[in-house]
Amino acid sequence: DAGVIQSPRHEVTEMGQEVTLRCKPISGHDYLFWYRQTMMRGLELLIYFNNNVPIDDSGMPEDRFSAKMPNASFSTLKIQPSEPRDSAVYFCASSRWDPWTSGNTIYFGEGSWLTVV
Amino acid sequence: KNQVEQSPQSLIILEGKNCTLQCNYTVSPFSNLRWYKQDTGRGPVSLTIMTFSENTKSNGRYTATLDADTKQSSLHITASQLSDSASYICVVSSGHNNDMRFGAGTRLTVKP
Numbered sequence: 627d628a629g630v631i632q633s634p635r636h637e638v639t640e641m642g643q644e645v646t647l648r649c650k651p652i653s654g655h656d657y658l659f660w661y662r663q664t665m666m667r668g669l670e671l672l673i674y675f676n677n678n679v680p681i682d683d684s685g686m687p688e689d690r691f692s693a694k695m696p697n698a699s700f701s702t703l704k705i706q707p708s709e710p711r712d713s714a715v716y717f718c719a720s721s722r723w724d725p726w727t728s729g730n731t732i733y734f735g736e737g738s739w740l741t742v743v
Numbered sequence: 035k036n037q038v039e040q041s042p043q044s045l046i047i048l049e050g051k052n053c054t055l056q057c058n059y060t061v062s063p064f065s066n067l068r069w070y071k072q073d074t075g076r077g078p079v080s081l082t083i084m085t086f087s088e089n090t091k092s093n094g095r096y097t098a099t100l101d102a103d104t105k106q107s108s109l110h111i112t113a114s115q116l117s118d119s120a121s122y123i124c125v126v127s128s129g130h131n132n133d134m135r136f137g138a139g140t141r142l143t144v145k146p
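Same order as they appear, the protein sequences are chains U and G.
Just so we're aligned, residue 627 is where the first sequence starts under the working numbering, counting upward by one.
Just so we're aligned, residue 35 is where the second sequence starts under the working numbering, counting upward by one.
Here's what the structure looks like:
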């Protein structure tokens with residue numbers, strides 16, 4: 627199994643530019659999560675999908691952030707316009723069933739390291 | 035206030051030594067507790083998942099314990115190796131949708 631695949635691995639962009647992060651979850655997993663990790667705040671859940679449907683986006687910082695999951699094998703996280711405070715590592719993760727009650731493993735991708743200058 | 039507190043914040047040990055990392059939580063109700071290992075520049079990797087009825091679970095040189103009464107968990111690493119150098123993150127779920135609280139992690143450095 628290839629695991630959760632994210633792209634790009636690293637991106638440096640100028641403030642105001644649009645950033646699109648991509649994720650391919652593990653085949654057969656029906657939960658997909660987007661997390662952000664910073665030194666100050668640790669890992670934070672931004673949004674999660676179940677069967678391609680966004681369930682909870684309360685962690686999305688503001689309207690500049692949007693996420694989509696057009697099919698079971700692909701999701702995007704978009705930031706438009708980007709700001710320096712968005713600099714962080716963005717992780718995509720997937721799980722076969724709900725991880726809260728089932729105790730199923732959540733598998734993380736290697737992350738997308740975003741720097742906004 | 036974070037409902038998952040990890041200690042110590044950082045730890046340096048010599049190769050071959052044992053160490054114990056702590057995780058105290060106030061998340062309630064409790065569903066499960068996970069320990070993740072995150073190497074520098076990589077994504078977190080699951081080490082163990084413990085449910086309410088489990089007291090101890092081992093994964094190679096890693097042994098996790100859970101005391102649901104005192105709401106404490108520990109991760110014991112035996113005969114540490116250089117490759118154990120990483121951040122170890124404790125994550126607690128309440129069983130409610132989306133309620134998963136992350137600790138800030140313990141940064142472990144194993145020196146030769």
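For every residue, glycine included, the Cβ atom is placed at its ideal position computed from N, Cα and C.
Rounded to whole angstroms, what is the Cα-Cα separation between residue i and residue j?
| i | j | result |
| --- | --- | --- |
| D73 of chain G | E640 of chain U | 28 Å |
| D682 of chain U | N676 of chain U | 10 Å |
| P78 of chain G | G668 of chain U | 12 Å |
| E736 of chain U | Q632 of chain U | 7 Å |
| F734 of chain U | R662 of chain U | 12 Å |
| A147 of chain G | S713 of chain U | Nothing about residue 147 of chain G can be read from this structure; chain G reaches only from 35 to 146. |
| E84 of chain G | W660 of chain U | The amino acid at residue 84 of chain G is misidentified as Glu; the sequence shows Met. Spanning the two alpha carbons is a distance of roughly 23 Å. |
| I652 of chain U | G629 of chain U | 5 Å |
| Y674 of chain U | D724 of chain U | 11 Å |
| S721 of chain U | R135 of chain G | 17 Å |
| I732 of chain U | Y716 of chain U | 15 Å |
| K105 of chain G | G642 of chain U | 45 Å |
| T99 of chain G | E88 of chain G | 8 Å |
| L658 of chain U | V679 of chain U | 10 Å |
Residue i bridges to which residues according to DSSP?
| i | result |
| --- | --- |
| R141 of chain G | G:S44 and G:S121 |
| Q56 of chain G | G:S41 and G:S108 |
| T639 of chain U | U:V742 |
| A747 of chain U | Beyond the ends of chain U as shown, which are 627 and 743, falls residue 747 of chain U; an answer cannot be given. |
| N66 of chain G | G:T85 and G:S127 |
| G754 of chain U | The first residue shown for chain U is 627 and the last is 743, placing residue 754 of chain U beyond what the model contains. |
| I652 of chain U | Partner(s): none; I652 of chain U has no beta bridge. |
| V715 of chain U | U:Q663 and U:W739 |
| S721 of chain U | U:Y657 |
Does residue i have its Cβ less than 8 Å from a Cβ in chain U?
| i | result |
| --- | --- |
| P78 of chain G | yes |
| S127 of chain G | yes |
| T60 of chain G | no |
| F136 of chain G | yes |
| I83 of chain G | yes |
| I111 of chain G | no |
Could you list which residues in chain U have their beta carbon closer than 7 Å to that of residue i, in chain order?
| i | result |
| --- | --- |
| C139 of chain G | A small fix is needed here, since residue 139 of chain G is Gly in this sequence, not Cys. Those are G668, listed as they occur along chain U. |
Listing by chain order, which chain U residues have their CB less than 8 Å from the CB of residue i?
| i | result |
| --- | --- |
| N89 of chain G | Going along chain U, no residue has its Cβ under 8 Å from N89 of chain G, so there is no contact; the nearest lies around 15 Å. |
Run through chain G and tell me which residues come within less than 8 Å of residue i, C-beta to C-beta.
| i | result |
| --- | --- |
| E637 of chain U | The contacting residues do not exist; E637 of chain U stays about 15 Å from chain G at best. |
| L740 of chain U | By Cβ distance, chain G contributes nothing, its closest Cβ being about 14 Å from L740 of chain U, past 8 Å. |
Taking only beta-carbon atoms, is residue i less than 8 Å away from chain G?
| i | result |
| --- | --- |
| G642 of chain U | no |
| G654 of chain U | no |
What residues from chain G crowd round residue i, counting only those whose CB sits closer than 7 Å?
| i | result |
| --- | --- |
| E709 of chain U | Near E709 of chain U there are no residues of chain G at all, since even the closest Cβ is about 24 Å away, more than 7 Å. |
Using a Cβ cut-off of 9 Å, pull out every chain G residue sitting near residue i, in sequence order please.
| i | result |
| --- | --- |
| N717 of chain U | Per the sequence presented here, residue 717 of chain U reads as Phe, with Asn not at that position. What F717 of chain U touches in chain G: G77 and P78. |
Residues of the region 684 to 700 of chain U whose Cβ lies closer than 7 Å to any Cβ of chain G, in chain order: So the list is empty, because no residue satisfies the distance condition.
Between the region 64 to 76 of chain G and chain U, which residues of the former have CB atoms less than 7 Å from a CB of the latter, in chain order? S65, N66 and R76
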